[in-house]
Amino acid sequence: MLKTVAVKDKVRLLTALVAVVGAVAAWRALRPSWQVPLPTWATLPEERLQDFRDALYFPVREFLAGGNPYHPAAMFEHWPVRQAFNLYQPYHLLLHAPFALPEYRVGAVAFTLASLVLLITLALLAAGRLRPHVPLALGTAVIATLLVLSQVGKAQLYVGQVNPLIAVGAAGALLARRDAPKWAAVALALAWLKPQFGLPLAVLLFVRGSQRVALTGTAIAAAASLVVVVPLVLRGGGVRPFLDVIAANLAHAGETAYGAVDSMTAQRVDLAAVLYRVTGWLPGGAEPLALVGVLVASAVLVRRLDRMGQPAAADLLTCLAVVAAMVHQPGDVLIAVPSLVAVGVVWWQRRCERDWRLGLAALLLLIPFAHLHFISQAVRAVSGARVDVTVDGVAVVVAWVLAAVFAATRRCSAVGTVRT
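Residue numbering for the sequence shown is 1 to 420, as defined by this note's numbering.
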């Protein structure tokens with residue numbers, strides 16, 4: 001009895017110590033939200049909260065002012081933004097409106113705090129995959145602290161990205177699709193906030209047998225977006241002018257140095273962009289071919305893993321496929337955290353059944369999380385900027401290939417069979 005009490009006390013102490021480290025790291029990560037200068041045309045190069053500024057605060061202000069934030073020319077003319085507002089789901093403009101109603105710095109601090117809460121929620125979902133091996137509080141504290149300390153986690157708060165919400169949505173859809181399909185559908189609708197997440201995830205959920213989740217979640221996202229699309233169409237003079245704006249938005253995105261598939265400086269981690277940066281070769285229709293190829297191959301293989309009773313490995317392959325199939329940035333690997341934890345635990349437990357391909361895939365996926373500033377500087381000094389912006393993408397694509405090979409070649413394995 002005394003031994004049990006002593007163990008519990010040690011766990012509580014360890015949890016408290018980790019939480020203190022996490023709190024200090026979180027404080028440091030939150031500081032840019034109140035230190036960032038107010039946006040003006042003179043401060044356009046400012047990187048702190050640039051996504052909050054360009055993809056949330058001023059697009060919402062443009063919409064509330066009666067304009068169309070999807071029109072690049074209008075955004076550049078009316079507001080101090082450096083990047084055009086990409087094709088987020090229209091409901092994004094309503095969902096995040098509360099952060100754009102107050103003055104800029106108040107909205108930035110509130111949004112960053114909300115993002116931190118979402119990162120902790122993601123850590124909680126991941127820690128649930130560790131039970132009964134690690135107490136939930138300790139697992140949550142450790143994962144949340146690692147997230148805030150990691151490059152990916154810090155970037156969400158420093159730049160002001162919406163990926164924490166999308167990651168929670170994707171994780172919730174995968175975790176709840178069997179036991180709570182209604183909640184899973186709502187979670188998928190949140191993942192649809194960026195269509196490059198929602199589309200491949202919905203497709204893979206559908207082929208994995210969660211048709212109701214895939215269809216209902218997509219319908220919820222579409223219905224919510226109609227509330228915004230209808231006013232935009234009416235303001236613009238009809239459907240045709242609205243579609244012209246969407247076409248202009250896509251054309252602009254395809255020409256930017258940070259987003260174009262044939263840009264040597266874009267930090268994209270999807271298959272088509274990585275192929276170009278590694279080889280300098282880009283076949284015609286590379287992006288749609290990569291999308292279809294990755295989704296078809298992954299759909300067959302995740303179904304195989306599900307039939308073999310390996311949901312953890314199937315979830316990891318699903319997340320890798322989502323990121324490799326369409327235009328994505330290194331921070332988007334955040335969606336794989338819960339499945340990465342589950343695979344790591346099961347892979348370690350089944351030592352006699354460990355497969356190096358799945359283990360190496362999990363390790364490679366950690367590279368974007370560890371790609372710290374000083375590592376980036378070292379890589380640039382030795383190999384140049386092109387290699388530096390390609391490292392994360394190569395790691396993600398190779399991780400997807402290894403996970404796919406694992407799924408295609410394993411015959412009888414215990415790896416991933418435990419639903420942790």
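Note that the Cβ used here is the ideal one computed from N, Cα and C, for glycine as well. Just so you know, these numbers come straight off a predicted model, no measurement behind them.
Coil, strand or helix - residue i by DSSP
{"i": "residue 414", "result": "Residue placement at residue 414 is poorly supported in this model, since its pLDDT is 47, which falls under 50; the coordinates still yield a value, given next. Residue 414: coil per DSSP, three-state reduction."}
{"i": "residue 264", "result": "coil"}
{"i": "residue 163", "result": "helix"}
{"i": "residue 72", "result": "helix"}
{"i": "residue 257", "result": "coil"}
{"i": "residue 88", "result": "coil"}
{"i": "residue 47", "result": "coil"}
{"i": "residue 31", "result": "coil"}
{"i": "residue 177", "result": "coil"}
{"i": "residue 282", "result": "coil"}
{"i": "residue 240", "result": "helix"}
{"i": "residue 79", "result": "coil"}
{"i": "residue 252", "result": "helix"}
{"i": "residue 67", "result": "coil"}
Where the alpha helix (DSSP H) containing residue i begins and where it ends
{"i": "residue 279", "result": "271-279"}
{"i": "residue 58", "result": "58-64"}
{"i": "residue 203", "result": "195-207"}
{"i": "residue 54", "result": "Where residue 54 is concerned, there is no enclosing alpha helix (DSSP H), given that its DSSP letter is neither H nor E."}
{"i": "residue 181", "result": "181-191"}
{"i": "residue 321", "result": "311-325"}
{"i": "residue 231", "result": "211-236"}
{"i": "residue 115", "result": "104-128"}
{"i": "residue 131", "result": "Premise fails: residue 131 is in no alpha helix (DSSP H) and is neither H nor E."}
{"i": "residue 143", "result": "136-149"}
Supposed contact pair residue j and residue i - C-beta distance, whole angstroms, cut 8 Å
{"i": "residue 303", "j": "residue 207", "result": "6 Å"}
{"i": "residue 290", "j": "residue 271", "result": "4 Å"}
{"i": "residue 122", "j": "residue 337", "result": "6 Å"}
{"i": "residue 327", "j": "residue 268", "result": "6 Å"}
{"i": "residue 266", "j": "residue 275", "result": "Going by Cβ atoms, the distance from residue 266 to residue 275 rounds to 13 Å, so no, they are not a contact pair."}
{"i": "residue 104", "j": "residue 39", "result": "6 Å"}
{"i": "residue 99", "j": "residue 111", "result": "4 Å"}
{"i": "residue 190", "j": "residue 345", "result": "About 26 Å separates the two Cβ atoms, so there is no contact after all."}
{"i": "residue 18", "j": "residue 152", "result": "Actually they are not in contact, since the Cβ atoms of residue 18 and residue 152 sit about 19 Å apart, beyond 8 Å."}
{"i": "residue 154", "j": "residue 273", "result": "The pair is not a contact, with the Cβ atoms about 23 Å apart (cut-off 8 Å)."}
{"i": "residue 174", "j": "residue 383", "result": "That pair is no contact at about 36 Å."}
{"i": "residue 36", "j": "residue 48", "result": "4 Å"}
Residues of its chain near residue i, where Cβ-Cβ distance is below 7 Å and the 5 sequence neighbours each way are ignored
{"i": "residue 177", "result": "184, 205, 210 and 213"}
{"i": "residue 13", "result": "none"}
{"i": "residue 324", "result": "270, 271, 294, 396, 397 and 400"}
{"i": "residue 408", "result": "301"}
{"i": "residue 333", "result": "152, 323, 365, 368 and 396"}
{"i": "residue 34", "result": "105 and 109"}
{"i": "residue 166", "result": "190, 191, 193, 194, 197 and 335"}
Distance CB(residue i)-CB(residue j) smaller than 7 Å
{"i": "residue 164", "j": "residue 113", "result": "no"}
{"i": "residue 193", "j": "residue 89", "result": "yes"}
{"i": "residue 170", "j": "residue 367", "result": "no"}
{"i": "residue 361", "j": "residue 403", "result": "yes"}
{"i": "residue 342", "j": "residue 312", "result": "yes"}
{"i": "residue 22", "j": "residue 148", "result": "yes"}
{"i": "residue 422", "j": "residue 305", "result": "Any answer about residue 422 is impossible in this case: the structure gives the chain only from 1 up to 420."}
{"i": "residue 93", "j": "residue 63", "result": "yes"}
{"i": "residue 392", "j": "residue 379", "result": "no"}
{"i": "residue 242", "j": "residue 230", "result": "no"}
{"i": "residue 503", "j": "residue 310", "result": "The structure shown does not extend to residue 503, since the chain is modelled only from 1 to 420, so the question has no answer here."}
{"i": "residue 224", "j": "residue 91", "result": "yes"}
{"i": "residue 347", "j": "residue 331", "result": "no"}
{"i": "residue 116", "j": "residue 26", "result": "yes"}
{"i": "residue 245", "j": "residue 71", "result": "yes"}
{"i": "residue 67", "j": "residue 74", "result": "yes"}
Other residues of its chain near residue i: CB distance less than 8 Å, five sequence neighbours each side excluded
{"i": "residue 10", "result": "none"}
{"i": "residue 135", "result": "11 and 15"}
Proximal residues to residue i (C-beta, below 6 Å), its chain only, five neighbours per side dropped
{"i": "residue 58", "result": "79 and 81"}
{"i": "residue 357", "result": "402, 405 and 406"}
{"i": "residue 417", "result": "With a pLDDT of 46 at residue 417, under the threshold of 50, the predicted position of this residue should be treated as unreliable, though the coordinate-derived value follows. 309 and 310, listed in sequence order."}
{"i": "residue 419", "result": "Residue placement at residue 419 cannot be trusted, given a pLDDT of 41 that sits under 50; the coordinates are not used to answer."}
{"i": "residue 217", "result": "185, 188 and 189"}
{"i": "residue 437", "result": "For residue 437 there is no data in the structure shown, the boundaries of the chain being 1 and 420."}
{"i": "residue 172", "result": "187"}
{"i": "residue 43", "result": "37"}
Near the ligand ZN: residue i beta-carbon under 6 Å from a heavy atom
{"i": "residue 262", "result": "The ligand ZN is not part of the structure shown, which contains no ligands of any sort."}
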